[in-house]
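Just so you know, the sequence shown maps onto residues 99 to 364 in this note's numbering.
The structure appears below as structure tokens.
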Amino acid sequence: MTQRTTGPKLPADRLQGTQTLERSVGLVKLVAAHGHGGLRMADLVELSGLERPTVHRMVQALIELELLRRPTGSKRYVLGEYCRELAAAFADRSDLRAICEPVLEGISAETGNSTFLIIRIGLDSLCVARAIGSYPIQVLAVKIGNRQPLGVGAGGLAMLAMMPVADQEEVISANSPRLSGYGTLTASTLRAILRATQKRGHAVIGHYSVPGVIGIGVALRNSSGAVLGAITTASVESRMTRVDQQSAVHCVERHVLLVQDQLDAL
């Protein structure tokens with residue numbers, strides 16, 4: 099009979115270091131899952147199950163590493179600047195941003211509107227690239243690094259619409275408490291908007307992310323059908339009539355096909 103053996107045992111100090119790393123990364127993941135609203139120290143203690151002194155010590159280290167930060171005057175911790183840099187670096191590494199940047203410029207030149215590349219980070223959408231159009235009034239509130247719950251903006255909505263139904267519901271339910279920060283948007287309203295998005299094949303949403311602005315979003319997929327992100331264009335309501343929306347959709351869809359062709363050729 100073959101005797102089973104366990105793997106080599108790690109030294110105690112290394113085991114402790116690994117555990118500390120896992121716990122610290124876990125705290126970052128908890129904050130990331132709660133988006134721009136962040137979490138209080140008490141929330142982190144409760145959700146992590148760790149002792150308060152341990153959480154406090156780890157949070158301070160994460161702040162020094164710019165993985166977390168606490169905005170001035172706030173008691174909540176949110177993702178730090180280095181997390182944005184990591185997200186942008188990931189987009190670069192996958193060649194997605196490099197391919198999409200000239201495409202965004204092309205859409206903005208054709209429509210006159212601001213155009214964005216959006217990717218998914220957990221329960222949220224993240225803007226990783228932006229182009230500005232020629233129209234005097236531009237949507238400048240959405241900057242690179244802007245993060246919000248999936249479905250609030252056109253890019254997140256387009257990606258959410260491509261997910262399995264069970265995953266959609268999981269995201270909406272998890273984000274439901276955060277939606278109150280976006281005007282009159284509720285979980286039930288988002289579900290209705292999501293159904294309409296799936297029916298038409300592209301996202302159209304307005305006012306919730308930026309009041310007075312309507313966005314158009316189309317999901318980006320690779321040859322296997324996996325969703326890589328979304329391209330969106332947005333403008334003020336007066337420039338987004340139904341005719342304007344249809345024209346913008348055709349423009350974005352045409353450029354999305356170009357991106358997908360380039361990705362498939364890699």
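Cβ coordinates follow ideal geometry from the N, Cα and C atoms, glycine included.
- For Thr209, the three-state secondary structure derived from DSSP is helix.
- In the same chain as Gly281, and ignoring 5 residues on each side of it, the C-beta atoms closer than 8 Å to its own belong to His305, Tyr306, Pro309, in chain order.
- One Cα belongs to Ala294, the other to Gly204, and the distance between them is close to 28 Å.
- With a threshold of 16 other beta carbon atoms within 10 Å, Ala229 meets it and is buried.
- Taken in chain order, the whole alpha helix (DSSP H) runs of length 4 or more contained in the stretch 239-272 are 252-259.
- For the set Val157, Ser336, Ser271, Gly279, the Cα lying nearest the Cα of Gln246 is the one of Gly279.
- Under DSSP, Leu166 shares a beta bridge with Leu177.
- DSSP, read as helix, strand or coil, puts Asp362 in helix.
- Burial is judged here by how many other beta carbons sit within 10 angstroms of a residue's own beta carbon; Ser322 has fewer than 16 and is exposed.
- Between Leu137 and Tyr180, the beta carbon gap of about 18 Å keeps them out of contact (Cβ cut-off 8 Å).
- Residue environment: Arg195 is assigned as buried (16 or more neighbouring CB atoms within 10 Å of its CB, all protein chains considered).
- The Cβ atoms of Leu145 and Leu128 sit closer than 8 Å to each other.
- Within the stretch 322-361, no run of alpha helix (DSSP H) at least 4 residues long lies entirely inside it.
- Every unbroken stretch of the beta strand (DSSP E) spanning 3 or more residues and falling wholly within the stretch 293-326 is given here in chain order: 301-304, 311-319.
- Around the beta carbon of Glu208, 16 or more other beta carbons lie within 10 angstroms, which makes this residue buried.
- Residue pairing by DSSP places Ile219 opposite Asp222 in a beta bridge.
- Secondary structure at Leu142: helix, using DSSP grouped into helix, strand and coil.
- No Cβ-Cβ contact shorter than 8 Å links Leu292 with Leu283.
- Within the same chain, Cβ atoms closer than 8 Å to the Cβ of Asn320 are found at Leu326, Gln358, Leu361, Asp362, the five residues on either side in sequence being excluded.
- Residue nearest to Val201 within the set Ser223, Ala227, Leu184, Leu163 is Ala227 (criterion: CA-CA distance).
- For the 8 Å CB-CB criterion, Leu258 and Gly249 form a contact.
- When Thr213, Tyr233, Ser232, Pro234 are compared, the shortest CA-CA separation from Cys225 is found for Thr213.
- The beta carbons of Ala346 and Ile303 sit no closer together than 8 Å.
- The beta carbon of Gly178 is closer than 8 Å to those of Leu160, Ile161, Leu163, Glu164, Leu165, Leu166, Arg167 in its chain, skipping five residues each way along the sequence.
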